Each structure stands twice: as C-alpha cells, then as structure tokens.
Amino acid sequence: MSEEEKTGLIGAHILLNALQQEGVDVIFGYPGGVLLPLYDALLDSPVRHVLARHEQGVVFAADGYSRVTGKVGVCLGTSGPGATNLVTGIANAFLDSIPMVVLTGQVPTSSIGSDSFQEVDIIGITMPITKHSYLVKDARDLPRIVREAFYIARTGRPGPVLIDLPKDVLAAENVIPFSNEMKLKGYKVFGQANNGKIEEVVKVLSESRKPVLYAGGGVVTAGAEDVLRQFIDKTSIPLVTTLMGTGSLPFEHPNSLGMVGMHGTVTANYAVDDCDLLIAVGVRFDDRVTSGIGHRFATKAKVIHIDIDPVEIRKVVKTDIQIVGDARQVITEMLEVLPAFPVPQVTEWWNQLHDWKANHTLEYDKDRLTPQMVIQCLGEVAGGETIVTTDVGQHQMWAAQYYPAVNPRNYATSCGLGVMGYGLPSAIGAQIARPNEKVVVITGDGSFQMSIQELGTIAQNQLPIKIVLLNNGVLGMVRQMQKMFYAERYSQISLQGSPDFVKVAEAYGIHGIHVNSLEQVRGAFEEAFSHPGPVLVEIAISENENVLPMVPPGKLITEMIVR
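FYI, my numbering numbers position 20 of the sequence shown as 20, with every residue one higher than the one before it.
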C-alpha cells in the first residue's frame, strides 16, 4: 500500500483522540519501551504530559487532580514494574471512590502468556481494586473502550478503571476505528427508587429532639455541599463529618461539630453517641468512626443511611431507613419536602452541645512550638480557600482538627488506605489542575521521604507549591501507639539519618526555610507565600507530641483519651 493510500491512524493516535473526546487535557505518566508509540504520538497531541519521578507519584498526581476538580484523573505507566508501581495508588483511589482511568502498557498480544520481558497480569493483580478493567486486543475498539472506561469511572460510586494496552495495539497502522457506541449490558447505575422515603425522613427529623447529620465523602463526590448547607440552615441540625467529608461545611460554621471518630472532637463523638436521630449521608461507617463495633454505635438513635452504593447499606450498622441515591439529589428532594413538616425543636439539644463545646475545646500549649499551633497559624496565613493536601501520620490528624477548611474540593488526603507519600504528588496534580490557586502540602519527615523525588517534578514544572514539613525525627503515630498501648516499648520508630530537607530542596533549586522556634513560624509562612515559586518550610517539633483526642482501638467513641 502506498503512502497516499493510507487513510487510517495508528493506535496511539486513536487513543489520544478518544481521550480528548472525554475532555482529557493532562496525563501524568512515566514512559517505557512498550509505550514508545504512544509517547511518539504525544509529541503531536495537545494533551499535556507531566513526567513524574516514580509511577506512584504518577497515580497520586492523577488522584489529586481528580479530587480538586471532580473530573476523571488519567495516569500512565509502562508494562511490568511500571504497572505494578501503580497498584498502591489504584487501591487508594478505589477505597476513596476517586474517578480515575489508569493506562498501562503491556507486551505485544502475541507474547501475552509467554512470560515475556516485563510481562505481568496487571488486570488480575488489580481486579479487587478496580471498578472494571480492559485488555485491548484490537486498536479499532479503543474509542468504545475509552468512552466506557470514563463512564464507569465517573458514574455510580466512582472509582478507578484500568485499560491495558499491548504495544502492537498502540503501534497498529492504518486503523479505521469502530464506533464509540458503548456496550455495557452488565453495568448498572442504581437510580432513585425510594417510594415515599424522603417524606418519611423529613417527618422523623421533625419529630426528633436530638438529631445529628453525619456527612462523608459521598457529599463531596456528589457536589452536594451547597444543598447540605441549605438543609442545615433550615433545620438547625448539627453536623459531624468523616475525614473524607472535610470541608462539607466551613470549619467555622456554627453548626459544625468537627470530625467524628478515632481522632474526632469530644463534642462530635458525644453528639453521635447521645443523638436520637442520625442521618448518615455518603458514609460507610468505617472502623475509624465506629471502632469496628457497629452494633454499639449510635445505639440511642434511629439511623437513616443515604448512599449511592447499595452495598454499603446495613453493611456495618443496622439502619432504620435506607435510601439509595446520589447525595445531592436526595438532599435536594428533602429540601423540597421540608415546608410540609414542622421545624425540629432542637434548642435544648444545642444547649447541651454548646456545653460540651465549652468544656472540651481542642487545646494546646500556646507558649511553645507545637504542631497544632503550626497548623492553626498556617490556616491564618494561607486562608481557608487554599488547596491543602496532606500525607498520612500525626500531621494528617492535626490538619483535620485545626486547618480551617471551607471547601471540600480544596482538601485532599488519603483516607481509606492511609498511604504515606501521598501528599507531595497529589499536590502536583492539584496545582496542575488549578494553576492560579495556592497549594500547600502538610507532611512529616517519614511520609515525605516516600515521595521526596517528586521535588524534581515540582522543579521541572516550576509549580509554586508550598511544602510544610513537620520534622519530629520519628514515625510519630507509631510512637504514639507504642507509648499508649505497648508500655512505651518503642520499636523501629527512629528516623535518625534523615537528610537536611532544606538542603535537599535547595539541591533541586527550591527555596527552603528552617524553623526552630515559635517566633519564626508566622514569618516563615508569610515569606513562603510571598515567594513566586515552590518553597519548603521545615519545622522542628518535639517527638513527644500526641494527637488527641484519641479513641483506643475497640473502644466506644465516648471512651476517648483526651489528655
């Protein structure tokens, strides 16, 4: 066939065109041999590619991009180790219901099953942690597969979908693609089928004297925070949140009782335990809230569970009314029904809540340098509208307790999986997604060293991310557990031998600031946010700080260690 007779495209171009049809403007990736046809095609594509320094950084960046936009994040890794390095991030997205399409390279179709170089069954490996997976065998199917993958990732309970791409599929020439018409006979998105339950919920609420609204990640996923606030304002109901629900109601809103559960506020935990009605929206009653003893959780209350995923209903906690549906749609319908019922009488309940708040405030020593003071000062300097990502450890809980989050799309953290090393690459994704907004990472010296190489990605792209590193020289959460529950028998917690993180940052061309005293904190943050480029602020804190309150494992949420 002559050059003039060739009318088709190569497989890689078809893939990129299909991604553009889904609104993809950026891919986070790391190249490898089987992906070379795709990387060659990227040179001619308007789709931006961001090169990370490790595949785990790739998938966490796509995760952060998705969390701050609500869009499907896209990441790309090569076959074999490139694909397996994505697994932790895929699991993280699955547990936190983050929509993502994961593209992996694969050996040529003729070599699959022959133990070829860098061949792994990535579909088999990730089957329990994806909503669906595709092994593409014919480049002509790419438009349909991409369209289906994005539809599955974003609908129902969102999550990751994997597309495995053999090299010969990407390199296929003269391809005339098939239609992108979806063929999803076995995939069902659960709709509203609640038959009068909305009215029943509002009626029960009107009769309640001690109601609590319990909001989780499903509120954020549905974009329901505005109708949630309207509902709270009209009913005067108090709100508690999960870690995933952070920012559903502004931190300073008078109806916010804070986070509930293991490191929740005393008031939030007491309120859930004492309420006569618990309306749970977009939550899964995980063990960090229930302590793994669902049958002893909110035992005085009628429990109403609203969730997009019917599998979550009654999985952990026995419920009285169950509504399967999108949080925004359900709350909107509840708002429409509200005028038909009396407003709940909650004055006495609020008197009790205010009493608990007054007697159990979050406290710390304001005369010395503490992580709690650092987070609170950061919030004052950065402002609640700043996008915050965190790593996992004590600093994650201090951030949840003290950072004044006002918008759930401005707060990204690893919740269900609790992945150390998440914060820095997720901030990269967030900054790429929203380039004109401030982004700050809150991390610790343990977590930071799991993704420290992504400083190179920040430097290469000149992303003005501010990194707040709380350095206590130990694995703080492990130390705290060993202190409280293992008779101070400390085992393998020291991070002695860690580098001077400011010097490491400076080696990447990133401005660094050391903070060693209380008096330096505010000035360091003001300097960081006035600097046009990336900045790392390393703050030395005591290794003896604990995250409190804390519910010991297996205890009721009222059995908190407070001091």
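Where is the CB? At the ideal position from N, CA and C, for every residue including glycine. All values reported here derive from a predicted model rather than from experimental measurement.
Simplified DSSP assignment, three categories, for THR265 = THR265: coil per DSSP, three-state reduction.
If we call anything under 8 Å between Cβ atoms a contact, is THR130 one with PRO160?
-> yes
Using the C-alpha atoms, what's the distance from ASN174 back to GLU3?
-> Legend: pLDDT at GLU3 = 43, less than 50; position of this residue unreliable, no value from coordinates given.
CB-CB under 7 Å to ASP274, same chain, minus the five flanking residues each way: which ones, in chain order?
-> LYS210 and LYS300
Quick one: give me the first and last residue of the beta strand (DSSP E) that PHE501 is part of.
-> Careful: PHE501 lies outside any beta strand (DSSP E), inside the alpha helix (DSSP H) at 501–507.
By Cβ distance, which residues of its chain are closer than 7 Å to TYR411, with the 5 residues on each side in sequence left out?
-> THR246, GLY247, VAL388 and ALA405
Under the assumption that GLY80 contacts VAL120 (Cβ atoms under 8 Å), give the Cβ distance between them as a whole number of angstroms.
-> Between VAL120 and GLY80 the Cβ distance is about 5 Å, and since that is below 8 Å, they are a contact.
In chain order, what residues of the same chain lie with their CB nearer than 6 Å to the CB of ALA224, ignoring the 5 residues before and after it?
-> For ALA224, where only same-chain residues beyond five positions count, the Cβ hits under 6 Å are ALA327, ARG328 and ILE331.
Determine, using beta carbons only, whether ILE279 and LEU213 come nearer to each other than 8 Å.
-> yes
Test item: CB-CB of PHE251 and CYS377 under 8 Å = Judged by beta-carbon spacing, CYS377 lies beyond the 8 Å limit of PHE251, meaning their Cβ atoms are not closer than that value.
With a CB to CB cut of under 6 Å and the five nearest residues on each side skipped, what residues in its chain are close to ILE561?
-> MET550
Count the CB pairs spanning the stretch 427–436 and the stretch 379–394 that are closer than 8 Å, and state whether there are at least three.
-> The answer is yes - the stretch 379–394 touches the stretch 427–436, with three or more Cβ pairs under 8 Å.
Inspect the beta-carbon positions of ARG154 and ALA18 and report whether they are closer than 8 Å.
-> Cβ distance not < 8 Å, so ARG154 and ALA18 don't count as in contact.
Helix, strand or coil for ILE465, going by three-state DSSP, please let me know.
-> coil
With 16 as the cutoff for other CB atoms within 10 Å, does LYS6 come out buried or exposed?
-> In this predicted model, LYS6 has a pLDDT of only 44, less than 50, meaning its place in the structure is not dependable enough to derive any value.
How would you write the range of the beta strand (DSSP E) that TYR134 sits in, first residue to last?
-> 132–135
Report yes if the C-beta distance between ALA91 and MET100 is below 8 Å; otherwise report no.
-> no
Which residue comes first and which comes last in the alpha helix (DSSP H) that contains SER530?
-> 521–530
Of the choices LYS357, PRO46, LEU142 and ALA171, whose alpha-carbon is the least far from that of GLY33?
-> ALA171
If you pair each beta-carbon of the stretch 220–238 with each one of the stretch 364–383, do three or more pairs fall below 8 Å?
-> no
Could you round the C-beta distance between PRO425 and PHE60 to whole angstroms and report it? I think they count as a contact, below 8 Å.
-> Confirmed, about 4 Å.
I think VAL502 touches ILE513, with their Cβ atoms under 8 Å apart; what is that distance to the nearest whole Å?
-> 7 Å
Evaluate contact between the stretch 437–449 and the stretch 481–492, counting only Cβ atoms and requiring at least three cross-stretch pairs below 8 Å.
-> No, they do not touch.
Note down the Cα distance separating GLY423 from ALA399, rounded to an integer number of angstroms.
-> 12 Å
Note down the Cα distance separating ILE308 from LYS188, rounded to an integer number of angstroms.
-> 12 Å
Hey, would you say VAL102 sits closer than 8 Å to VAL202, going by beta carbons?
-> no
Note the first and the last residue of the continuous alpha helix (DSSP H) segment covering GLN106.
-> Premise fails: GLN106 lies in the beta strand (DSSP E), 100–106, not in any alpha helix (DSSP H).
Below 8 Å on the Cβ atoms is my guess for LEU257 versus ALA271; work out the distance and round it to an integer in Å.
-> Sure, about 6 Å apart at Cβ, within 8 Å.
Taking the alpha helix (DSSP H) that PRO553 falls in, what are its first and last residues?
-> Where PRO553 is concerned, there is no enclosing alpha helix (DSSP H), given that its DSSP letter is neither H nor E.
Consult DSSP for ASP121 and reduce its assignment to one of helix, strand or coil.
-> coil
Run through DSSP, which three-state label would ASN471 get?
-> In this structure, ASN471 counts as strand in the three-state DSSP scheme.
The stretch 529–547 / the stretch 497–511 touching (three or more Cβ pairs under 8 Å) | yes
Would you kindly check if the distance between the Cβ of GLY64 and the Cβ of ARG409 is under 8 Å?
-> no
Thinking C-beta only, is PRO143 closer than 8 Å to ASN195?
-> Going by C-beta atoms, ASN195 is not nearer than 8 Å to PRO143.
N-terminal and C-terminal residue of the alpha helix (DSSP H) that ILE232 is part of | 225–235
Buried or exposed: where does SER542 fall if 16 or more other Cβ atoms within 10 Å of its Cβ makes it buried?
-> exposed
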